[in-house]
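Visitor: Okay, here's the structure, questions in a sec.
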Amino acid sequence: MKVFTKIYIPERVYEEVCVEGMPGEREVRSTENIEVLSVSKEEIEKVSNKIDLKLDDGELQALTLCNRLKVEIFLTDDLDARDAGKQLGFEVHGSVGVIARAYREGSIDLKRTKRALEDLYSISKLFVTKAIIEDAIKELEMF
Amino acid sequence: MEDVVLRELETLAKERKEDVATIIANAVKIGIEKIRQETILERYLKKLITREEAIKLVGTELVKLAERQRDAVLEDVEWGLHG
Chain A
0 MKVFTKIYIP
10 ERVYEEVCVE
20 GMPGEREVRS
30 TENIEVLSVS
40 KEEIEKVSNK
50 IDLKLDDGEL
60 QALTLCNRLK
70 VEIFLTDDLD
80 ARDAGKQLGF
90 EVHGSVGVIA
100 RAYREGSIDL
110 KRTKRALEDL
120 YSISKLFVTK
130 AIIEDAIKEL
140 EMF
Chain B
0 MEDVVLRELE
10 TLAKERKEDV
20 ATIIANAVKI
30 GIEKIRQETI
40 LERYLKKLIT
50 REEAIKLVGT
60 ELVKLAERQR
70 DAVLEDVEWG
80 LHG
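Sequence lines, in order, name chains A and B.
Numbers 0 to 142, taken from numbering that gives the first Met the number 0, label the letters of the first sequence in order.
Numbers 0 to 82, taken from numbering that gives the first Met the number 0, label the letters of the second sequence in order.
Spelled out as structure tokens, the structure:
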């Protein structure tokens with residue numbers, strides 16, 4: 000979370016993540032640079048009309064916020080949302096990118112970085128095969 | 000995490016009007032199928048089988064999903080380390 004000066008998340012995503020026992024729940028609740036903002040139905044509709052992909056509420060709200068705040072980076076692990084973000088002209092990255100960035104900036108050591116990547120495979124709901132994570136770890140080890 | 004799983008298990012059993020053992024048996028069956036698919040996708044991503052073989056074994060949709068996920072991860076690693 001320290002990789003970014005400020006992180007904005009929409010209410011819907013906050014509600015989805017902040018369920019007791021969910022991965023990331025504690026971190027999202029306790030991180031000071033996270034701001035939760037609401038978006039209106041009208042705003043969501045405007046953004047929704049600009050993309051040709053069907054997205055869930057949380058992703059749509061997040062993209063709507065990006066659009067309103069004109070942020071540089073849209074963070075998501077949803078592949079369709081990733082494509083939609085690019086369609087709207089945002090730079091899009093996911094958990095793997097954030098973890099790699101934190102490692103590069105020295106916020107976490109290699110051991111913790113590897114564990115965080117492995118957790119993406121074993122704990123998160125992200126669709127990712129072990130082979131993909133192993134490739135990412137190899138890249139990190141070569142850095 | 001274990002608490003969440005246990006709670007979900009109990010909720011599902013109640014909702015589906017099935018006993019917990021049946022839910023677990025189904026979960027194992029579904030889990031094994033998922034691991035089979037993942038093993039095939041890993042073989043494909045490691046270039047041990049061709050794309051055509053992978054499609055024959057798990058279907059186009061999953062192969063395309065794995066390719067998209069691989070591309071996203073590689074893009075992220077590149078940005079994270081060098082971007």
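Using N, Cα and C, we set each Cβ at its ideal position, and we do this for glycine too.
So if I threshold CB-CB distances at 8 Å, which residues from the segment 25-51 of chain B count as touching chain A?
Guide: The residues in question are 37, 40, 41, 44, 45.
Visitor: To test your reading of the DSSP string, which unbroken alpha helix (DSSP H) runs of 4 or more residues are found completely within the segment 53-98 of chain A?
Guide: Entirely contained in the segment 53-98 of chain A, the alpha helix (DSSP H) runs reaching 4 residues are, in chain order, 56-68, 78-86.
Visitor: Compute the distance between the beta-carbons of residue 119 (chain A) and residue 127 (chain A), then report whether it is under 9 Å.
Guide: Yes, they are a contact pair.
Visitor: Could you check whether the Cβ of residue 58 (chain B) sits closer than 9 Å to any Cβ belonging to chain A?
Guide: No, its Cβ sits nowhere closer than 9 Å to a Cβ of chain A.
Visitor: Can you check whether the C-beta of residue 106 (chain A) is within less than 9 Å of a C-beta belonging to chain B?
Guide: Not one chain B Cβ lies under 9 Å of residue 106 (chain A).
Visitor: Excluding the 5 residues preceding and the 5 following residue 8 (chain B) in the sequence, name in chain order all residues of the same chain whose CB lies nearer than 8 Å to its CB.
Guide: Cβ neighbours of residue 8 (chain B) beyond the five flanking positions: 19, 22, 23.
Visitor: When the cut-off is 9 Å and only beta carbons count, does residue 62 (chain B) lie next to chain A?
Guide: No, its Cβ sits nowhere closer than 9 Å to a Cβ of chain A.
Visitor: With a cut-off of 8 Å on the beta carbons, I'd call residue 78 (chain A) and residue 68 (chain B) a contact; round off their distance for me.
Guide: That belief holds up - the Cβ atoms of residue 78 (chain A) and residue 68 (chain B) are roughly 7 Å apart, short of 8 Å.
Visitor: Three or more beta-carbon pairs under 8 Å between the segment 55-72 of chain A and the segment 49-58 of chain B, yes or no?
Guide: No: fewer than three Cβ pairs fall under 8 Å.
Visitor: Which residue's Cα is closest to the Cα of residue 78 (chain B): A:103, A:63, A:56?
Guide: When only C-alpha atoms are compared, the closest one is A:103.
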